[in-house]
Amino acid sequence: MKAIGYRRNLPVDQPDALEDLDLPAPQPGPRDAVGIVEGLGAEVAGFQVGDRVFYAGSITRPGANSELHVVDERIAALAPSSLDDSQAAALPLTAITAWELLFDRLGVAQGGGAGQSLLVVGG
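Add 1 to the 1-based position in the sequence shown for our numbering, that's all there is to it.
Following this line, the structure appears as structure tokens:
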């Protein structure tokens with residue numbers, strides 16, 4: 002693992018979201034990460050050993066701060082070469098959240114809003 006993105010697993014509107022929680026140990030840790038592909042399953046088609054990838058992980062498979070992490074290829078992508086490991090590790094969940102807001106919640110048409118503006122206040 003090259004870098005991880007660590008975040009709390011609480012909705013932002015939950016009262017405890019900004020408070021310390023007394024959680025039982027051990028906690029498996031974060032899900033967002035950047036790493037190098039070390040091996041591939043027989044049916045993996047989108048990556049090669051040695052690829053630098055990033056991913057938002059899965060709620061059923063946390064622990065991205067482990068030395069090795071098994072990841073479904075559907076939730077991984079080649080990490081942008083313009084970002085260092087720390088920057089890329091911070092991106093997956095925030096990018097997914099922005100995508101869901103724009104296209105799932107606000108109904109912005111993919112590719113159909115060229116030339117239009119969207120103001121995000123407090124974001």
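Just so you know, even glycine gets a beta-carbon here, dropped at the ideal spot from N, CA and C.
Neighbour-count burial assignment, residue i, 16 or more Cβ in a 10 Å radius
| i | result |
| --- | --- |
| P81 | exposed |
| D105 | exposed |
| A90 | buried |
| G58 | buried |
| L92 | buried |
| N10 | Because the pLDDT at N10 is just 47, under 50, the model does not fix this residue reliably, and the point stays unresolved. |
| R32 | buried |
Where residue i sits in the DSSP three-state scheme
| i | result |
| --- | --- |
| R106 | helix |
| L119 | coil |
| A96 | helix |
Proximity below 9 Å, CB of residue i to CB of residue j
| i | j | result |
| --- | --- | --- |
| D86 | V35 | yes |
| A77 | G42 | no |
| L119 | L103 | yes |
Cβ-Cβ separation, residue j to residue i (assumed contact under 8 Å), whole Å
| i | j | result |
| --- | --- | --- |
| V71 | G51 | Actually they are not in contact, since the Cβ atoms of V71 and G51 sit about 17 Å apart, beyond 8 Å. |
| V45 | L79 | Their Cβ separation, rounded to whole angstroms, is 13 Å, which puts V45 and L79 out of contact at 8 Å. |
- Query: Which runs of the alpha helix (DSSP H) fall wholly inside the stretch 56-92 and span at least 4 residues, in chain order?
  - Reply: Taking only runs of at least 4 residues, the alpha helix (DSSP H) segments lying wholly in the stretch 56-92 are 86-90.
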